[in-house]
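Asks: Here numbering that gives the first Met the number 0 is used: the first residue of the sequence shown is 0, the next is one more, and so on. Where is the CB? At the ideal position from N, CA and C, for every residue including glycine.
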Amino acid sequence: MTKVDVGGEIVSPPRRRLRVSPLLAWIAVAPFAVWAVARLFGLDSAVRVRGLGIALMTGTPYVAAASLLAVPIALAARRAAVIAVAVAASVLLAAVVLPRAAGSAPTATGPSLRILTVNLFFGAGDAATVVDLVRRLDPDVLNTQELTPEAVRALDAAGVGRLLPYRHLEDGPGPSGSGIYARHPLSEAPDFVPEGGHNMPRARLTLPSGPPVEIVDVHTLAPLNGHDVAQWTAELAALPAASPGVVRVLAGDFNASLDHAALRAVLGRGYADAADATGDGLTTTWPANRRYPPLITIDHVLYDRRASAVGTSVYAVPGSDHRAFFAELRLPGSL
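Shown next as structure tokens:
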């Protein structure tokens with residue numbers, strides 16, 4: 000048998016690389032770039048059509064995640080400009096979102112202050128659940144929003160007075176009422192809410208030890224249209240700044256997220272956000288008790304930067320469209 004050699008080369012067909020037209024790449028990248036610029040320069044209130052800019056900006060964490068999808072599209076276009084814009088937008092959005100999941104170590108050395116805040120949704124939040132949370136979490140202060148006269152009676156019937164015997168209430172119909180319950184004595188302080196908004200009681204809390212503490216029960220108007228956006232902005236601007244002589248805490252339903260320039264302006268007046276400081280800044284609080292999880296974070300505890308946040312957590316309250324928010328703070332040893 001004769002052996003026959005077969006000559007020649009085996010040639011593989013060239014691998015086809017995905018190619019995207021530059022126009023399509025720009026269409027994919029441009030919205031994220033615009034969003035990053037708007038977030039960076041606080042332009043969310045510029046679009047005042049039914050508060051559209053304010054509402055959209057609460058979605059920044061989701062947009063930051065989605066912006067990663069635009070980067071490979073830009074790479075496939077093989078254009079330096081679109082690649083640079085895609086990467087820059089993704090990096091900028093990540094820079095404003097990711098720190099909320101990092102947290103920082105507490106540095107204050109004074110006594111602890113435990114705060115629970117809950118929006119009762121026109122008074123429909125289950126009073127027994129709220130009082131059970133008070134029993135389990137042992138807060139020094141309970142801030143309530145949308146506190147109706149009926150909700151006050153329900154909380155009393157559930158036993159809130161035995162756990163938190165001191166109160167400064169400004170209950171009212173519908174969403175207008177709010178109230179502070181406390182374990183230690185309260186003395187009223189002047190209210191500050193602009194005319195036409197929800198009640199926002201403010202009180203001085205006398206702790207057994209440590210510096211003086213002032214509690215503000217926050218419930219700003221929801222920015223649903225142009226007029227409401229203006230009032231919402233005014234109410235956030237009216238919140239008192241941190242003060243040298245007292246440790247001030249603002250807790251409640253701000254109807255604002257950390258991606259809103261108006262809330263960041265409040266933080267700039269001497270406050271820190273408890274969830275942000277503990278690495279829980281991406282934990283969502285509204286809308287609760289739906290078929291889907293809460294989507295955005297609008298319930299906050301803001302505290303004087305001389306204090307520290309030790310831990311935060313959220314809890315479902317049947318009947319309410321908000322999760323209850325709990326924060327444990329460490330107060331400064333002295334002022």
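With burial defined as no fewer than 16 other Cβ atoms inside 10 Å of the residue's Cβ, what is the status of Arg135: buried or exposed?
Replies: Walking along the sequence shown from the start, residue 135 turns up at place 136. Classification for Arg135: exposed.
Asks: Does DSSP classify His226 as helix, strand or coil?
Replies: Position 227 of the sequence shown, counted from the first residue, corresponds to residue 226. Reduced to three states, the DSSP call for His226 is helix.
Asks: With a threshold of 7 Å on Cβ separation, who are the neighbours of Thr232 within its own chain once the five nearest residues in sequence on each side are excluded?
Replies: Working through the sequence shown from its first residue, we reach residue 232 at position 233. For Thr232, where only same-chain residues beyond five positions count, the Cβ hits under 7 Å are Ser44, Ala261.
Asks: Would you mind reading off the limits of the alpha helix (DSSP H) that contains Leu136?
Replies: Here the question's residue 136 lines up with position 137 in the sequence shown. Where Leu136 is concerned, the enclosing alpha helix (DSSP H) stretches over 126 to 136.
Asks: Taking Tyr302 as the reference, which of Pro243, Pro317, Asp227, Ala29 has the closest Cα?
Replies: Sequence index remark: in the sequence shown, residue 302 carries index 303 (1-based). The option with the nearest alpha carbon to Tyr302 is Pro243.
Asks: Since I believe Phe31 is in contact with Ala69 (beta carbons under 8 Å), could you give me their beta-carbon distance rounded to a whole number of angstroms?
Replies: Here residue 69 is taken as the residue at index 70 of the sequence shown, counted from 1. Here residue 31 is taken as the residue at index 32 of the sequence shown, counted from 1. At roughly 5 Å, the Cβ-Cβ gap stays under 8 Å, so Ala69 and Phe31 are in contact.
Asks: Roughly how many angstroms lie between the CA atoms of Trp332 and Val313, to the nearest whole one?
Replies: Taking the first residue of the sequence shown as position 1, residue 332 is located at position 333. Taking the first residue of the sequence shown as position 1, residue 313 is located at position 314. Reading off the sequence, residue 332 comes out as Gly, not Trp. Straight-line Cα distance between these residues: approximately 27 Å.
Asks: Is it the case that the segment 195 to 206 contacts the segment 147 to 161, given that we only count it when at least three CB pairs across the two stretches are under 8 Å?
Replies: Result no; under three Cβ-Cβ pairs closer than 8 Å.
Asks: Taking only three categories from DSSP, how would you classify Glu145?
Replies: As a first step, residue 145 is located in the sequence shown; it is residue number 146 there, counting from the start. Glu145: coil per DSSP, three-state reduction.
Asks: Between His183 and Met56, what straight-line distance do the alpha-carbon atoms span, to the nearest angstrom?
Replies: Locating residue 183 in the sequence shown gives position 184, where the first residue counts as 1. Locating residue 56 in the sequence shown gives position 57, where the first residue counts as 1. If I take the Cα positions, the gap works out to 39 Å.
Asks: Determine the direct distance from the alpha carbon of Phe325 to that of Asp423, and round the result to whole angstroms.
Replies: One cannot answer for residue 423 here, as it falls past the ends of the chain, which runs 0 to 334.
Asks: Measuring alpha carbon to alpha carbon, tell me which of Ala80, Pro110, Ala75 ends up nearest Leu205.
Replies: As a working mapping, residue 205 is identified with position 206 in the sequence shown. Note that residue 205 is Thr in the sequence shown, not Leu. It is Pro110.
Asks: Could you tell me which whole alpha helix (DSSP H) segments of length 4 or greater appear in the segment 213 to 283?
Replies: Correct list: 225 to 237, 260 to 266, 273 to 276.
Asks: According to the neighbour-count rule (16 or more other Cβ atoms, all chains shown, within 10 Å of its Cβ), is Ser103 buried or exposed?
Replies: Counting from one through the sequence shown, the residue named residue 103 turns up at place 104. Answer is exposed; the Cβ neighbour count stays below 16.
Asks: Check the DSSP bridge columns for Phe325 and list the partner residues they point to.
Replies: Translated into positions along the sequence shown, residue 325 becomes position 326. The partner list for Phe325 (beta bridge, DSSP) reads Leu115, Ser312.
Asks: With 16 other CB atoms within 10 Å as the buried threshold, where does Asp137 fall?
Replies: Your numbering for residue 137 matches position 138 in the sequence shown. Flag for Asp137 reads exposed.
Asks: With DSSP collapsed to three states, give me the class of Leu74.
Replies: As a first step, residue 74 must be located in the sequence shown, where it is residue number 75. Helix.
Asks: Could you pull out every residue in the same chain whose Cβ sits closer than 6 Å to the Cβ of Val215, ignoring the five residues on either side in sequence?
Replies: Reading the sequence shown from its first residue, position 216 is the one you call residue 215. Excluding residues within five positions, the ones whose Cβ falls inside 6 Å are Arg201, Leu249.
Asks: Taking Gly52 as part of the alpha helix (DSSP H), name the residues at either end of that continuous run.
Replies: Locating residue 52 in the sequence shown gives position 53, where the first residue counts as 1. Taken as a continuous stretch (DSSP letters only), the alpha helix (DSSP H) holding Gly52 covers 51 to 56.
Asks: Mind checking whether the beta-carbon of His197 lies closer than 7 Å to any heavy atom of the ligand SAM?
Replies: The ligand SAM is absent from the structure shown, which contains no ligands of any kind.
Asks: Do Ile179 and Asn118 have their C-beta atoms closer together than 8 Å?
Replies: Working through the sequence shown from its first residue, we reach residue 179 at position 180. Working through the sequence shown from its first residue, we reach residue 118 at position 119. Contact: no.
Asks: Are the Cβ atoms of Leu132 and Ala323 separated by less than 8 Å?
Replies: Within the sequence shown, numbered from 1, the residue matching residue 132 stands at position 133. Within the sequence shown, numbered from 1, the residue matching residue 323 stands at position 324. Against a cut-off of 8 Å, the Cβ pair of Ala323 and Leu132 comes out as a contact.
Asks: For Asn254, count neighbouring Cβ atoms within 10 angstroms of its own Cβ and tell me buried if that reaches 16, exposed if not.
Replies: Taking the sequence shown and counting its residues from 1, the one referred to as residue 254 is at position 255. Answer is buried; the Cβ neighbour count reaches 16.
Asks: Decide yes or no for the touch test of the segment 273 to 290 against the segment 95 to 102: beta carbon pairs closer than 8 Å, at least 3 of them.
Replies: Yes: the two stretches touch, three or more of their Cβ pairs being nearer than 8 Å.
Asks: Going by the DSSP bridge assignment, what does Ala346 pair with across the sheet?
Replies: No information on residue 346 is available, as it lies outside the stretch 0 to 334 that the chain covers here.
Asks: From Ser89 to Gly173, what distance separates their C-alpha atoms?
Replies: Here residue 89 is taken as the residue at index 90 of the sequence shown, counted from 1. Here residue 173 is taken as the residue at index 174 of the sequence shown, counted from 1. Going from the Cα of Ser89 to the Cα of Gly173 covers about 42 Å.
Asks: Kindly list the residues whose CB is nearer than 6 Å to the CB of Val309, restricted to its own chain and excluding five residues on each side of it in sequence; keep chain order.
Replies: For the purposes of this step, residue 309 is identified with residue 310 of the sequence shown, where counting begins at 1. Closer than 6 Å at Cβ, skipping near neighbours: Pro105, Glu327, Arg329.
Asks: For Ala157 and Val140, which I take to be in contact (beta-carbon distance under 8 Å), what is that distance rounded to the nearest angstrom?
Replies: Working through the sequence shown from its first residue, we reach residue 157 at position 158. Working through the sequence shown from its first residue, we reach residue 140 at position 141. The Cβ separation is near 18 Å, so there is no contact.
Asks: Could you check where the alpha helix (DSSP H) with Arg38 kicks off and where it finishes?
Replies: The residue you call residue 38 lines up with position 39 of the sequence shown. 21 to 39 is the span of the alpha helix (DSSP H), which, as asked, contains Arg38.
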